[in-house]
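Read top to bottom, the protein sequences are chains A and B.
For the first sequence, my numbering assigns the number 47 to the initial residue and increments by one for each residue that follows.
For the second sequence, my numbering assigns the number 2 to the initial residue and increments by one for each residue that follows.
Beta carbons: idealized from backbone N, C-alpha and C, even for Gly.
Everything numeric in this text was worked out from a predicted model, so none of it was measured.
Contents: one structure, followed by commentary.
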Amino acid sequence: MAKIKGAVVVDNEVCKGCGLCVEACPEEVLALNREMNSRGYHYSYMENPDACIGCSNCGVVCPDACITVYRVKI
Amino acid sequence: MMEIKDILKPENLVYGKSKVLTDTIMHYCPGCTHGVIHKILAELIEEMGIQEKAVGVAPVGCAVFAYNYIDVDWQEAAHGRAPALATGIVRLNPDKFVFTYQGDGDLASIGAGEIIHACNRGENILVIFINNGIYGMTGGQMAPTTLENMVTSTTPFGRDVEMNGYPLKMTDLVAQLPGTSYVTRQSAQTPAAVRKCKRALKKGIQNVLDKKGTSFIEVVSTCNSGWKMTPVQANKWMEDHMFPYYPLGDMKDCEKEKPVEKN
Numbered sequence: 047m048a049k050i051k052g053a054v055v056v057d058n059e060v061c062k063g064c065g066l067c068v069e070a071c072p073e074e075v076l077a078l079n080r081e082m083n084s085r086g087y088h089y090s091y092m093e094n095p096d097a098c099i100g101c102s103n104c105g106v107v108c109p110d111a112c113i114t115v116y117r118v119k120i
Numbered sequence: 002m003m004e005i006k007d008i009l010k011p012e013n014l015v016y017g018k019s020k021v022l023t024d025t026i027m028h029y030c031p032g033c034t035h036g037v038i039h040k041i042l043a044e045l046i047e048e049m050g051i052q053e054k055a056v057g058v059a060p061v062g063c064a065v066f067a068y069n070y071i072d073v074d075w076q077e078a079a080h081g082r083a084p085a086l087a088t089g090i091v092r093l094n095p096d097k098f099v100f101t102y103q104g105d106g107d108l109a110s111i112g113a114g115e116i117i118h119a120c121n122r123g124e125n126i127l128v129i130f131i132n133n134g135i136y137g138m139t140g141g142q143m144a145p146t147t148l149e150n151m152v153t154s155t156t157p158f159g160r161d162v163e164m165n166g167y168p169l170k171m172t173d174l175v176a177q178l179p180g181t182s183y184v185t186r187q188s189a190q191t192p193a194a195v196r197k198c199k200r201a202l203k204k205g206i207q208n209v210l211d212k213k214g215t216s217f218i219e220v221v222s223t224c225n226s227g228w229k230m231t232p233v234q235a236n237k238w239m240e241d242h243m244f245p246y247y248p249l250g251d252m253k254d255c256e257k258e259k260p261v262e263k264n
């Protein structure tokens, strides 16, 4: 069976850590990082990358357009 | 097992930043709905190939710097006067796609006269109305759209309708006017809502390109810093309190009325 695998790239410096992508993710892939970026925001990152299905929900709700989504069929 | 670096290839890209958005970091607060609307507007301008003919009119309010973020031609209007400026632009350049982008403090209070007359004349423009029930930029004062009993910095005990009047439903008012072609109320808090809002905006843009009359799209939004909440809490509060008073959906979808033919 074909499996779908995705990956998310967050632009750490642009992210403001609003957490909307964390809320929108159906697979609980994203979380806010304990580290901060240079502007003092806890940016979003892939905490659980293996679960990502590349649905691009996180990118759609991101107000700062800092999320790029990739998807591949295995 | 596939490594992440094998997935990150241009041919696997499914969602990325629109080329019409500039690289400037937006000044909006974290989680602000303005960013989402800017993004879907830029995506639509790119998809429909109208970057060269689009002219935006920016309001006074948080979206005043919209010209820094979306790479099209912009004009900056005085407070509330965006529809009047857009009228001038579209009458002189009928082939351009002209849109105004206004907040509720701009459109519903000081600019209420302008918007009603522009819609009544059926000017061929798209109006994007961001309604978050508050004056966000100046520190969260009461706006005409503030809900009953809603606490703002100028109504610390909640909005009293005896003293301040009732929340103004601009979209319902505008839907009555014969000049408007497409009047709708949308939101942008979940992925599904954003996609739906994008479809509505696309229809509005297409109506303007087809010269059908004024299209008016209200987006019920959040102002999490003005409401003193986190972005996620603000979205929940909006669903619980704003949606009952400002129900979502299309209010009007037709062509503007033709002048009565003379015998």
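ask   = When the distance is taken between beta carbons, is Asn-94 of chain A closer than 8 angstroms to Glu-81 of chain A?
value = no
key: Beta carbon of Leu-76 of chain A nearer than 8 angstroms to that of Gly-63 of chain A   = no
message = Please identify the residue among B:Asp-211, B:Ala-193, B:Gly-141 and B:Tyr-183 whose C-alpha is closest to the C-alpha of Leu-202 of chain B.
response = B:Tyr-183
request  = Give a yes or no on whether 8 angstroms exceeds the smallest Cβ distance from Gly-62 of chain B to chain A.
outcome  = no
query = Mind checking Phe-130 of chain B: buried by the 16 CB within 10 Å criterion, or exposed?
reply = buried
message = So for Tyr-247 of chain B, helix, strand or coil by DSSP?
response = coil
request  = Might you give, ordered along the chain, the residues of its own chain that have their beta carbon closer than 8 angstroms to the beta carbon of Asp-173 of chain B, omitting 5 neighbours on each side?
outcome  = Met-252
Close beta carbons around Ser-102 of chain A, own chain, < 7 angstroms, minus the five adjacent residues each side = Val-115
task = Kindly indicate if chain B contains any beta-carbon less than 8 angstroms away from that of Ile-50 of chain A.
result = no
query = So is Ile-120 of chain A in contact with chain B if we call contact Cβ pairs under 8 angstroms?
reply = yes
inquiry  = I'd like to know if Gly-32 of chain B contacts chain A, where contact means its C-beta is closer than 8 angstroms to some C-beta of that chain.
reply    = yes
query = The beta strand (DSSP E) spanning Lys-119 of chain A covers which residue range?
reply = 113-119
request  = Output, in chain order, the set of chain A residues within a Cβ distance shorter than 7 angstroms of Asn-13 of chain B.
outcome  = Tyr-116, Arg-117 and Val-118
ask   = So who's on the other strand from Asn-132 of chain B, going by DSSP bridges?
value = B:Val-221
key: Inter-residue spacing [alpha-carbon to alpha-carbon] between Ala-97 of chain A and Ala-53 of chain A   = 9 angstroms
query = In three-state DSSP terms, what is Met-92 of chain A?
reply = strand
inquiry  = On the criterion of 16 or more Cβ atoms from any shown chain inside 10 Å, does Ser-188 of chain B qualify as buried, or is it exposed?
reply    = buried
key: Per-residue burial, Asp-107 of chain B [other beta carbons within 10 Å of its own, 16 or more giving buried]   = buried
ask   = Less than 8 angstroms separating the beta-carbons of Ile-126 of chain B and Ala-87 of chain B?
value = yes
inquiry  = On the CB-based measure, 16 or more other CB atoms within 10 Å of its CB, does Glu-115 of chain B come out buried or exposed?
reply    = buried
ask   = Among the residues of its own chain, which have a CB less than 6 angstroms from the CB of Val-55 of chain A, if the five just before and after it don't count?
value = Thr-114
key: Limits of the unbroken beta strand (DSSP E) element including Gly-5 of chain A   = Nothing about residue 5 of chain A can be reported from this structure: the residues present for chain A run from 47 to 120 only.
task = Under 8 angstroms by Cβ, that's how I've got Ile-51 of chain B and Phe-98 of chain B pegged, so tell me the actual separation to the nearest angstrom.
result = 5 angstroms
message = Can you find the residues in the same chain that come closer than 8 angstroms, C-beta to C-beta, to Gly-17 of chain B, ignoring five residues on each side of it along the sequence?
response = none
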